[in-house]
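Chemist: Those letters in the sequence shown? Residues 1 to 87, by full-length UniProt numbering.
The beta-carbon is built from N, C-alpha and C at its ideal position, and this holds for glycine as well.
Keep in mind it's a predicted model, so treat the numbers as computed, not measured.
Below is a structure I'd like to ask you about.
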Amino acid sequence: MATRQSVEEFLQRCEDVIRYAKEQYTEAQKQEHYNITEYTNAQQMLEQTVIDLAHLARSCNAQQREQLHRMRLELEQLQNDMILLDR
Numbered sequence: 001m002a003t004r005q006s007v008e009e010f011l012q013r014c015e016d017v018i019r020y021a022k023e024q025y026t027e028a029q030k031q032e033h034y035n036i037t038e039y040t041n042a043q044q045m046l047e048q049t050v051i052d053l054a055h056l057a058r059s060c061n062a063q064q065r066e067q068l069h070r071m072r073l074e075l076e077q078l079q080n081d082m083i084l085l086d087r
């Protein structure tokens with residue numbers, strides 16, 4: 001069973017990854033991918049976070065799984081946005 005603290009810490013990590021990815025997405029929109037290394041890094045971080053989230057969700061209770069599910073949707077939406085921008 002995942003502890004409340006471990007889930008909260010993971011959710012905070014997710015927020016940090018989302019913040020970084022959104023910054024890179026905004027920069028890519030402005031610069032037309034002149035920051036390709038950082039952009040790709042942000043995409044990789046999002047993917048790894050989704051994978052880690054799936055592993056953590058296996059050991060969570062129903063309430064924690066719901067929190068993680070909402071976070072997964074947010075992560076995946078940002079992933080999709082970044083893929084669509086990646087021309």
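1) Considering asparagine 41, what are the terminal residues of the alpha helix (DSSP H) in which it resides?
2) Going by Cα to Cα distance, which pick from Cys60, Gln63, Arg70 and Asn35 is closest to glutamate 15?
3) With distances taken from CA atoms, which of Thr40, Gln64, Tyr34 and Gln43 is nearest alanine 2?
4) Please name the residue in Glu9, Tyr39 and Ala62 whose C-alpha comes closest to that of aspartate 81.
5) Please report the Cβ distance between leucine 53 and leucine 78, rounded to the nearest whole angstrom; I am assuming they are in contact, meaning their Cβ atoms lie under 8 angstroms.
6) Please return the same chain residues whose Cβ sits closer than 7 angstroms to the Cβ of glutamate 76, not counting the five positions on each side in sequence.
Modeler: The short version:
1) 36 to 57
2) Arg70
3) Gln64
4) Tyr39
5) 13 angstroms between Cβ atoms; not a contact.
6) Val50
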